[in-house]
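K.L.:
Counting from 1 along the sequence shown, just add 251 to a position and that's the residue number in this note's numbering.
C-beta atoms are modelled at their ideal positions from N, C-alpha and C, and glycine is treated no differently.
This one's a predicted model, so the numbers in the text were calculated from it and none came from an experiment.
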Amino acid sequence: MADGGEDCSDWLRSWNQFEQQCVEEVEGEGNMEERLAGEREDVAQKLWLSFQNSATAVAQLYKDRGQGSHVWQVFQNAAQAVTLLYKDSIDANKRSDDFGIQCGYQRRTRDVVAWAKKRRRHIRREELLAFLCGKTVPSRTGSRSPPRSTRDSPRLGSQEYAPSHQSEIDLQPFKDAIALQGLNGAMASFGLRTPTSPSHNMHSTPSRRRNLGELHAFISEEFANHMDSNSPNGRKRSSGNDILGDSPVHKRSRHL
Numbered sequence: 252m253a254d255g256g257e258d259c260s261d262w263l264r265s266w267n268q269f270e271q272q273c274v275e276e277v278e279g280e281g282n283m284e285e286r287l288a289g290e291r292e293d294v295a296q297k298l299w300l301s302f303q304n305s306a307t308a309v310a311q312l313y314k315d316r317g318q319g320s321h322v323w324q325v326f327q328n329a330a331q332a333v334t335l336l337y338k339d340s341i342d343a344n345k346r347s348d349d350f351g352i353q354c355g356y357q358r359r360t361r362d363v364v365a366w367a368k369k370r371r372r373h374i375r376r377e378e379l380l381a382f383l384c385g386k387t388v389p390s391r392t393g394s395r396s397p398p399r400s401t402r403d404s405p406r407l408g409s410q411e412y413a414p415s416h417q418s419e420i421d422l423q424p425f426k427d428a429i430a431l432q433g434l435n436g437a438m439a440s441f442g443l444r445t446p447t448s449p450s451h452n453m454h455s456t457p458s459r460r461r462n463l464g465e466l467h468a469f470i471s472e473e474f475a476n477h478m479d480s481n482s483p484n485g486r487k488r489s490s491g492n493d494i495l496g497d498s499p500v501h502k503r504s505r506h507l
């Protein structure tokens, strides 16, 4: 099938006004892939903050378990934090699905438009089907090997999570969350705001920051007494730098 020797610009000028308007509309849309990437980062930050609050509330519940009627309020705070974490996770999952679907539709539409802009007056049916399926049209001569797919394997994210076969769940992120919760309060006292800190964290009182520090020290000691010493792998306690290194808060703040 020959291209007819037409210049691409001449070919596009031969389109009617409606066709050109449709192409301009498609090409003028915002890039959904960029929005999807930004949404993923925002979701990770929001879920990390919810996890921080949940971890702190659960740790406080354990610490204050023997203080009579006061423990109900502590339990209520923990229950609310865990419930909010669940709701945030459901909302994040739905938003990610919606953005992913929109991104897929936009990519498909742009691919079809780019293909239609090629200098061709006629498109064979097998070419259209091969394009929609992400395959290469088989050669009419030579081997009869099945067509090779050129479509990239779908990627749900930059990280791949393999199922864990360990009987013991690693609680290091739990300890990290409590440590960083206290760090957020300390930074707020100097007028600094971490990327995921909500506005109400900016007004944390000195007593709250002191309580968070005491809570972190208490939980670290409890982990040392009950888990680290009994771990079959002899897990090493993380230093402060290790705690800060892998958290979403620290990763994002390094790029600000």
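Would you call H467 buried or exposed, if buried means 16 or more other Cβ atoms sit within 10 Å of its Cβ?
P.N.:
Per the 10 Å Cβ criterion, buried.
K.L.:
Give the secondary structure of K369 by DSSP, where H, G and I count as helix, E and B as strand, and everything else as coil.
P.N.:
K369: coil per DSSP, three-state reduction.
K.L.:
Using DSSP with H/G/I as helix, E/B as strand and the rest coil, what is S265?
P.N.:
S265: coil per DSSP, three-state reduction.
K.L.:
Within this structure, are the beta carbons of V325 and Q311 separated by less than 9 Å?
P.N.:
Yes.
K.L.:
According to the Cβ coordinates, are A329 and S305 closer than 9 Å?
P.N.:
Taking 9 Å as the Cβ cut-off, A329 and S305 qualify as a contacting pair.
K.L.:
To the nearest angstrom, report how far apart S301 and Q327 are at their CA atoms.
P.N.:
If I take the Cα positions, the gap works out to 16 Å.
K.L.:
On the criterion of 16 or more Cβ atoms from any shown chain inside 10 Å, does F269 qualify as buried, or is it exposed?
P.N.:
With fewer than 16 Cβ atoms within 10 Å of its Cβ, F269 is classed as exposed.
K.L.:
What is the rounded straight-line gap between the Cα of T387 and the Cα of W366?
P.N.:
Each residue's alpha carbon lies about 14 Å from the other.
K.L.:
Cα separation between E378 and T307?
P.N.:
Distance between the alpha carbons of E378 and T307: 58 Å.
K.L.:
So, using beta-carbon positions, are R358 and E284 closer together than 9 Å?
P.N.:
In contact: R358 and E284 (Cβ atoms closer than 9 Å).
K.L.:
Residues in the same chain with beta-carbon distance under 8 Å from L335, minus the five sequence neighbours each way, listed in chain order, please.
P.N.:
So the list reads S301, N304 and S305, once near-sequence residues are dropped.
K.L.:
Less than 9 Å between the C-beta atoms of V309 and D315, yes or no?
P.N.:
No, Cβ-Cβ distance for V309 and D315 is not below 9 Å.
K.L.:
Is the separation between the beta-carbon of S471 and that of K426 shorter than 9 Å?
P.N.:
Against a cut-off of 9 Å, the Cβ pair of K426 and S471 comes out as a contact.
K.L.:
For I429, count the other beta carbons within 10 Å of its own beta carbon; 16 or more makes it buried, fewer makes it exposed. Which is it?
P.N.:
I429 is buried by the Cβ-count criterion.
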